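Participant:
Chains as they are written, first to last, in this note's numbering: chain A, 65 to 545; chain B, 65 to 545.
1. Using a Cβ-Cβ cut-off of less than 7 Å, list which residues of the stretch 376-400 of chain B approach chain A; keep chain order.
2. Looking only at C-alpha atoms, which of B/316, B/369, B/240 and B/85 sits nearest to residue 350 of chain B?
3. Assign residue 170 of chain A to buried or exposed, taking buried as 16 or more other Cβ atoms, counted over all protein chains shown, within 10 Å of its Cβ.
4. Rounded to a whole number of angstroms, what is the C-alpha to C-alpha distance between residue 498 of chain B and residue 443 of chain B?
5. Consider the Cβ of residue 283 of chain A: report whether some Cβ of chain B lies at a distance smaller than 8 Å.
6. List, in chain order, every chain D residue whose beta-carbon is nearer than 9 Å to that of residue 251 of chain B.
7. At a CB-CB cut-off below 9 Å, which residues of chain A make contact with residue 477 of chain B?
8. Who are the neighbours of residue 197 of chain B on chain A, taking C-beta pairs under 9 Å?
9. Taking Cβ to Cβ, would you say residue 463 of chain A is nearer than 8 Å to residue 540 of chain A?
10. Just to confirm the assignment, what range does the beta strand (DSSP E) spanning residue 140 of chain B have?
11. Helix, strand or coil, according to DSSP, for residue 364 of chain A in the structure here?
12. Could you check whether the stretch 358-378 of chain A touches the stretch 219-235 of chain B, counting it as contact only if at least three pairs of C-beta atoms, one from each stretch, sit closer than 8 Å?
13. Assign residue 522 of chain A to one of two classes, buried (16 or more other C-beta atoms within 10 Å of its C-beta) or exposed (fewer than that).
14. What are the complete alpha helix (DSSP H) segments, minimum 4 residues, inside the stretch 507-544 of chain A?
15. Against chain B, with Cβ distances strictly below 8 Å, would residue 169 of chain A count as a contact?
16. Classify residue 423 of chain B as helix, strand or coil using the three-state DSSP reduction.
17. Less than 8 Å between the CB atoms is what I'm expecting for residue 362 of chain A and residue 445 of chain A, so what's the real figure, rounded?
18. Please specify which runs of the beta strand (DSSP E), each continuous and at least 3 residues long, are wholly inside the stretch 424-509 of chain A, giving them in chain order.
19. Please report the distance separating the alpha-carbon of residue 553 of chain A from that of residue 163 of chain A.
20. Using the three-state DSSP reduction, which class does residue 241 of chain B fall into: helix, strand or coil?
21. What is the residue span of the alpha helix (DSSP H) that residue 408 of chain B lies within?
22. Taking residue 517 of chain B as the reference, give the member of B/536, B/311, B/482 and B/253 with the closest Cα.
23. Have a look at B/332, B/365, B/143 and B/318 and flag the residue whose alpha-carbon is nearest the alpha-carbon of residue 353 of chain B.
24. Need the endpoints of the beta strand (DSSP E) that residue 206 of chain A sits in, please.
25. Taking the straight line between their C-alpha atoms, what separation do you get for residue 534 of chain B and residue 465 of chain B?
26. Quick one, which residues of the stretch 334-359 of chain A are near chain B if we go by CB-CB under 7 Å, in chain order?
27. Which whole-angstrom value describes the C-beta separation of residue 259 of chain A and residue 284 of chain A, a residue pair presumed to lie in contact below a C-beta threshold of 8 Å?
28. Where do the ends of the beta strand (DSSP E) carrying residue 385 of chain B lie?
29. If we ignore side chains and look at the alpha-carbon of each, how far apart do residue 195 of chain A and residue 391 of chain A end up?
30. With a threshold of 7 Å on Cβ separation, who are the neighbours of residue 500 of chain B within its own chain once the five nearest residues in sequence on each side are excluded?
31. Give me the chain B residues within the contact set of residue 258 of chain A, using Cβ-Cβ distance strictly less than 9 Å, ordered along the chain.
32. Suppose you measure from the CA of residue 490 of chain B to the CA of residue 505 of chain B; what does that come to, to the nearest Å?
33. Could you tell me whether the Cβ atoms of residue 238 of chain B and residue 368 of chain B are closer together than 8 Å?
34. My parser needs the beta strand (DSSP E) runs of 3 or more residues fully inside the stretch 259-306 of chain B; what are they?
35. What separation, rounded to the nearest whole angstrom, lies between the Cα atoms of residue 223 of chain B and residue 413 of chain B?
36. Starting from the C-beta of residue 437 of chain B, find all residues in its chain whose C-beta is less than 7 Å away, skip the five residues before and the five after it, and write them out in chain order.
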């Protein structure tokens, strides 16, 4: 059974929702550490749920280390420090650029991601249950019934105008002054980065990147025969500007590649003021910034983080985004806002893939226009915030001491540093034998900075996953000796 | 009004169908040159059409030079030789490879192709009226109504298995022994060639190509920073094997790039035996052949031409194809059968664009499976054969002497050699002033072999196009002085 396919509504583990609700209240401080939470009976009334469901929920929270049962007294919120692992420290890669070669490892991870007999903690797939696929499908069905055969009309770059209008409108709402003419539609976010690398680099060039960096992007550097210079990156605030400046002053860096909002796998989110500094520093050196911006909308706090593009005064920021994380990964619709490289990107898009499929573009444009998107996003943010917290707690409960865990404020992946002597490829192999897939840290650095790290996907939270995390913890503990 | 959008059924020029029918009878020899054809009144009875429609049809055929009116006697089939232009000769490019730089010209041609106020003789767009879009749309609507949200499931290379099964089945039926595992789905045919060039070449390498060659492919060579070595190519039989062998023996050629069936723009179709020779010659040199095979299904004769892939014993043929010409250009579904490069192509696809949109793949798979495709193809072949003949006749009637015209046996483009002193860019500019767009010959050779050639799209035949061709002939004649 693929965990992606489990419907939350009909799920046998209804208790999860109660556990999630209590966890939220704890996180929001409604129940403080050391405080007693409502009794099983009280909670059963509050939630309109059966006593047994609440009992199960409380047991789950106990397992997660969030609460503890005190005999004859009730359930109490545990002191977080009891079980909390520290965050990983900033990365500290070497000073030399590396060629990338992660080919086989990546293909293995990709194939795992389609294996329905594995518990999927590996690929950073969104939770299909949370996507507005039903609404999108209704729109697609209605477009397909149009007698005008609109979705078959000739389509060329920069892509469907209606969609570019919607994208520009949302950007402006978020403080980024672009027009529909600044946007080129691509076949997903990956193709956008691919075209941007073409536009600004030549084979052999050096590109400065955050460390760790999403392996798909590293693969693109391999395809383009570029060298990656890994820059120290903080798990909260992203790339180090001091280190980047040092690197620029000592290397002929042709482009900088970041995921400034919710780096995959790190979860880091560069503070807005730091983004402004980054953009203005690169402007001084006339170095383009390719910002892979696929997760900005999935923030857990009150305020959407700005995008680096909003601070771009010289047209040097190439913002790449997509609807794969929040609408549908299989529609393959993304976009680039490439600043001064717009004509080049448009030409490259036409030359390398002619156009992006038209019906998916039309459906997404209509979905954005008719206002379902924001409602959708609110739901996704809430659920992912919860699922990340649940996974994080589970790791802290199950993994051996010496483990460190990130505190992402958006996205849906967790970056876990295992004790020094643990090898993530060994854990990967052990996990696979237990029908669990994870992503080993090797994939996130061309110079192999993260042998004892793993990335876990937190998009889905359910019982099989909870159990898998517990098992993973045992495997890591065994590995740690 | 875009000529693509005119519905044949409701078209005011019903006479066209009668003209097309008579033209077919003439071509098939039912009416011989010099013979009298049925009178207007007889034809009106035969066709169940009004006398005025038949009169109009006969006037059109007169304009095209197919028949002539003899006073007091009736209409007679003209001797073809009266107006027939010869074919262009084999191309004879120089011996040195060229870098490609056709950027601006191509973007101009691309933008023209979307301008609805122009008569579209430029872009090689299929005739939307002939595509099975209604059937495809019904399938898409039904897939989108599935409660399983099937089209949103995770999708990775090599692409949808159902579709790969259908593609392999059809290949086997046509004498090409491949399995579904030999196929990688791409976002249209262009992306396939893009990935193949990555798989077999490095920047600076030399690729031998047919001359002339579709400009989109030349652009890809520019993107990949490859040098094109143009090989003499015959308008009927394709690339010269002798010249190719000579080139291989004198240059470090890394790949050969052909459109062996119905070269765009040349219309050439390499005889099957010659294909076998080409493949076995390249096998001796261990040189991969990238064969852009998007038009094989659009043949006018009785028998489908073989594909070069059918003769591939060493896995050196990379066959690229798509459903853009015969199902829908805007669904962006193509495929590669890359022989020994399969794993590389799969990795490149994942790295550079992750996957191809899923719903279009599912819809095409279902369309192929449920048997509508062959019926569709029969219709397309018939119509394009007719439209190519009509356009060809119109050119012969309207263009000045010294013009040469190809005799394509498939596809839907015509390659026209204008008198020596005519510059195709001047014709392009003059035509544009008359709201007509054509493709200038400059686009089809990096070393500028075809300044006095133009490519005309024959996918649609109707009155505005007939009139446009007549006007074009006048402009060319003026240009010729």
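Even glycine gets a Cβ: it sits at the ideal position worked out from N, Cα and C.
Model, not experiment: these values are computed from the prediction.
Facilitator: Inspection of the coordinates gives the following:
1. 392, 393, 394, 395 and 396
2. B/316
3. buried
4. 32 Å
5. yes
6. Given the protein chain composition of this structure (A and B), no chain D is represented.
7. Result: empty, since nearest Cβ-Cβ is about 16 Å, beyond 9 Å.
8. 213, 215 and 216
9. yes
10. 138-141
11. coil
12. no
13. buried
14. 527-544
15. no
16. helix
17. 6 Å
18. 477-481
19. Because chain A spans 65 through 545 in this model, residue 553 of chain A falls outside it and cannot be assessed.
20. coil
21. 406-417
22. B/482
23. B/318
24. No beta strand (DSSP E) contains residue 206 of chain A, which is instead part of the alpha helix (DSSP H) from 197-208.
25. 14 Å
26. none
27. With 8 Å as the limit, residue 259 of chain A and residue 284 of chain A do not qualify as a contact, their Cβ atoms being about 10 Å apart.
28. 381-386
29. 5 Å
30. 182, 183, 185, 532, 535 and 536
31. 415, 416 and 417
32. 11 Å
33. yes
34. 270-275 and 291-298
35. 10 Å
36. 431
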